[in-house]
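Quick note, the sequences are listed as chains C and U, same order. Quick note on my numbering: the first sequence kicks off at 102 and runs consecutively. Quick note on my numbering: the second sequence kicks off at -1 and runs consecutively. Glycine included, every Cβ here is placed at the ideal spot set by N, Cα and C.
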Amino acid sequence: MKVKFSMVPLLALVMMVLPITQQAQAQEGASAPTITLDKTTLDNGGEITISGQAPAGSQVYIELFSADKTVKANRFDSKKDPKTGVIPYKFYLTHELPAAYKIYVPKDMEPELEKARAVGKDWKYSEVLKKIGADVAYSAPAKIKIDSYQATIMASIIGSRGTLLDAMDEKENKRESMRLIKGRFRSVNNLLAANVETTPDGAYTAKIKLRTGLAPGKYNVITTAVTERIKDGDKEIVKKVKSEPAAFENTMTFPTVYLDTAGTSLNLVWPFFIALAVTVFGALMGAGGGFILNPLLVMFFPLPHTVVAGTVMPTVLFSQGSGIYNYSKIKFINWRLGIGIGSAMLLGGFIGPKLTELITLSQFKFAFGWILLVLAGLMYWQTTAGYLSKNKKEQAILKEFKKRAEEAAASKAN
Amino acid sequence: MKVEFWGQDFEVNMWVGCIGGFLIAIMSSMFGFGGGPFMVPLMTVALGLPMYIVVGSSLLAIFFNTGMATIRHMQFGNFDLLLFLIMFPAALLGGYLGPQIAKRLSPLVVKRVACVGLILLGLKLLDLY
């Protein structure tokens, strides 16, 4: 036992020295890949060809990211740690995630991506990166500043994010950045594509398609060429060389606009018409627009659910305000009742937005699905015979009151 | 609590009203909708109030929630100004056009159509088709 313990630091020392010497060799042995782009600007996405010369026989990965636009991303970790059985309740938040991010990998890795796609929305980004060796190209988001908070139930109730924890170490930061990236861009196709072709002499080309709806501005492209992978027990030593960043510009023309907070650009005609149609329909069925508007927005556009909820809320605020004004003119509001229940709702409104941050998009969709089914039940109930006959009487009283109120207002005016 | 409305007196159980309102407020501010269709049944069925007192007063109660939730969402950086500026005029226009069209349609038919639409949308969100 004693011998084994003393061996450990020695081994660690050897392992630490090994990569350093090998990296030095690699830098001597292989020169950095060159990189050229066939275009300098794209108009809201499009095709661009990246080509260059890498060391012969190397694997080529291309990292692409938005260089000057960042978005906010957050994740709440409430999954039980399988090793310790403790639920961490940690909240991670960053404002520095690149607004667009993708890694292009060699063509022959397509089967691995296919497998990841088959897993569905719970695919593991970091595992796939490792499997296809693309983790060596993952660099831009690795060092972003991520704040981590220890959340507690009490803190969530009073609407706080919890206590700010010490900054994570480099490795942890990188791992968490991958989770945030996955949460933000969601699908395999948004994050990875297998389309880099290389010839035996190391010349590579990749025809990449930048999808529409991404951030405008400067994009950086960096090529990473892996010349050798040496398995050393559990550890893998990777010899790699990186190119200088090449850049292009993604432009946008009106009516396509970039939403800063949401990190998405879209043709503003669509949300306008959706909002219009939904509010018209909402007025018909007697419910505010939010019920239908929110699910449609998260379904059709790559908008985070937090931004959708946070932006629809003030939109309905004004229609409610005008409704209150109209009712108050004809004295149709009981202020005591409204303010009484309203003060309880004020408290609820303080807590709710905090909870939006704690759930993922799929949880948001799941809960919203059930809410809509309950709402459909309520709507159906309002068309049943019993409800209608009761409603008819009350509508008659309502009309009578309204008439009286209007007469009172008219006589006052005269 | 006693409330008076157009010469009539109603007895309201504020405990039920406040706890129900509180829970509806959490849900609606979390998911970003107004919550009227939930408040109205709460006040008519659970509190036993007639419809004509509920319509205006529930709107006032909800307004508190929406106002607070708006401030909180802005604090957390969830408010996108540009998206708001796109949707806001649409909402105003819709709020004007809606009641005009409503006059010409049977509310019964509208509600049944809404019911089917909501079920379809709900099932879609639950990933069932």
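When Cβ-Cβ separations below 7 Å define contact, ALA59 of chain U makes contact with chain C. Listed along chain C are THR380, VAL381, PHE382, GLY383, ALA384 and LEU385, each with a C-beta nearer than 9 Å to that of GLY96 of chain U. Taking 7 Å as the threshold, the shortest C-beta distance from ASP7 of chain U to chain C does not fall below it.
Against chain C, the CB of GLY15 of chain U has a partner CB under 7 Å away; the residue lies at that interface.
Three or more Cβ pairs drawn from the segment 348 to 355 of chain C and the segment 317 to 332 of chain C lie within less than 8 Å of each other, which places the two stretches in contact.
Scanning chain C for C-beta atoms nearer than 7 Å to the C-beta of LYS109 of chain U yields MET386, MET480, GLN483 and THR484, reported in chain order. Counting C-beta pairs closer than 8 Å gives three or more between the segment 57 to 72 of chain U and the segment 446 to 459 of chain C, which meets the contact rule.
The C-alpha of VAL107 of chain U lies about 21 Å from the C-alpha of TYR94 of chain U. DSSP places ASN321 of chain C in the uninterrupted beta strand (DSSP E) bounded by 318 to 333.
For PRO356 of chain C, the CB contacts under 8 Å within the same chain, skipping 5 residues up- and downstream, are ASN368, LEU369 and VAL370 in chain order.
Annotated three-state conformation of TYR190 of chain C is coil, per DSSP. Note on geometry: alpha-carbon atoms of ARG218 of chain C and VAL206 of chain C lie some 15 Å from one another. Nearest CB-CB separation between LEU292 of chain C and chain U: not below the 7 Å threshold. Taking the beta carbon of LEU456 of chain C as reference, the chain U residues within 8 Å of it are ILE24 and MET28, listed in sequence order. Residue contact with chain U for PRO317 of chain C: absent (no Cβ-Cβ distance below 7 Å to any residue of chain U). Listed in chain order, the beta strand (DSSP E) runs fully inside the segment 219 to 267 of chain C are 247 to 251, counting runs of at least 3 residues. A straight line joining the alpha-carbon of GLY441 of chain C with that of MET12 of chain U spans about 8 Å.
Taking C-beta atoms as the reference points, LEU230 of chain C and ASP223 of chain C fail to come closer than 7 Å. For the set U:VAL10, U:SER56 and U:GLY18, the Cα lying nearest the Cα of GLN421 of chain C is the one of U:SER56. The beta carbons of ALA477 of chain C and LEU116 of chain U sit closer together than 7 Å. Under the 10 Å beta carbon count, ASN76 of chain U is surrounded by 16 or more other beta carbons and is classified as buried. Cβ contact annotation for LYS310 of chain C (same chain, cutoff 6 Å, sequence separation greater than five): GLU148, in chain order. When the five nearest sequence neighbours on each side are left out, no beta carbon in the same chain lies closer than 6 Å to the beta carbon of VAL111 of chain U. Contact annotation, THR380 of chain C with GLY96 of chain U: C-beta distance approximately 6 Å; criterion of less than 8 Å satisfied. Shown here, PHE355 of chain C sits in coil according to DSSP, grouped into three states, outside any helix or strand. Between VAL43 of chain U and chain C, the shortest Cβ-Cβ separation is not below 7 Å. GLN6 of chain U is bridged by DSSP to U:PHE3. Secondary structure of ALA497 of chain C (DSSP, three-state): helix.
Rounded to the nearest angstrom, the gap between the Cα atoms of LYS341 of chain C and SER179 of chain C is 37 Å.
When Cβ-Cβ separations below 7 Å define contact, ILE338 of chain C makes no contact with chain U. Along the segment 236 to 249 of chain C, there is no position whose C-beta sits under 9 Å from a C-beta of chain U. For ASN11 of chain U, no chain C residue has a C-beta closer than 8 Å to its own C-beta; the minimum C-beta separation is roughly 11 Å. Judged by DSSP secondary structure, GLY439 of chain C falls within the alpha helix (DSSP H) whose first and last residues are 436 to 459. Between SER104 of chain U and chain C, the shortest Cβ-Cβ separation is not below 7 Å.
Residues of chain C whose Cβ lies closer than 9 Å to the Cβ of GLY120 of chain U are, in chain order, PRO396, PHE469, GLY470, TRP471, ILE472, LEU473, LEU474, VAL475, LEU476 and ALA477. Of the candidates C:PHE433, C:ALA201, C:VAL297 and C:ALA133, the residue whose Cα lies closest to the Cα of ARG505 of chain C is C:PHE433.
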